[in-house]
Structure formats: C-alpha cells, structure tokens
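Worksheet for the structure shown next.
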Amino acid sequence: MLVKAWLIPLVCLDYELRKEYIAKTLCVNRNKPILNCNGKCYLAKKLAAANQQQERQAEHDYIASLIYQVMDTRSGYAFECTPVSFLFTDAVQYRYQSPFIDRLLIGSIFRPPVV
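As structure tokens, then:
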C-alpha cells in the first residue's frame, strides 16, 4: 500500500535526479532542441505508465475483494439435509379374470417328430 502511494512521487524524483541523462539519452525529442523538451516526454510516459499500473492494481484489488467476500469461509454456512421419508402402504390387490381362454397355442402348432 505504501508503494502505491509513493509511486508517482518516486517517478518524479527519479526524473529530477537523472534529468541530464534522460534529456541526453532517453528523450524522444533529443534531436530537436527547439522543442525544449529536456526529457519531459520521458516523464510523461513514465507517469502514464504509473497511472495505468495503479488503475490495474486498483481493479485487481477490487475484484480480489469481491471474490474474497463471496468465498469467505469464516462464516458458518451449514446446509442441513433433512431426511425424506416415504410411507409405503400395502398395494391394493385386484382380482381380474380375463374372459379369454388362456391356453398355449404353441403346443398345438409345434410337435416333436414321430420316430
């Protein structure tokens, strides 16, 4: 957390300490002295990168906190399974007699060979 608070001031301090080196070697406009950039383009790039990094870190922290809230296991969630009981009664017996004659027709068609 302390690093996030000091990121932009550290980038500015780095620029101020290495201003001559940045202006001579890292500046995009070093070949155009009329623009009088003196490495401010490098500072702008570094500040934009630091801001983007802070935004990504803030987004990551927010998503992590959401996931932590959802996945928090400290609270005692207990799912109780209530047993389900079914009462089986005796099946009702029906007596039905078919009016059709029940006989095996296969016995009258198929006969063993006579020897």
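Take 4 as the starting number for the sequence shown in the numbering used here and just add one per residue.
We treat Cβ as the ideally placed atom computed from N, Cα and C, and that holds for glycine.
Whether residue i touches residue j by CB criterion (7 Å)
i     : j     : result
Asn32 : Cys44 : yes
Ile11 : Ala47 : no
Ala26 : Asn41 : yes
Reduced DSSP category for residue i - H, G, I as helix; E, B as strand; rest coil
i     : result
Leu90 : coil
Ser68 : helix
Asn41 : coil
Asn54 : helix
Buried versus exposed, by CB contacts within 10 Å (16 or more), residue i
i     : result
Lys35 : exposed
Tyr18 : buried
Cys84 : exposed
Any C-beta of chain D under 7 Å from that of residue i
i     : result
Gln60 : Looking for chain D here will not work: only one protein chain is present.
Sequence-distant residues of the same chain with beta carbon closer than 7 Å to residue i, five excluded per side
i     : result
Leu13 : none
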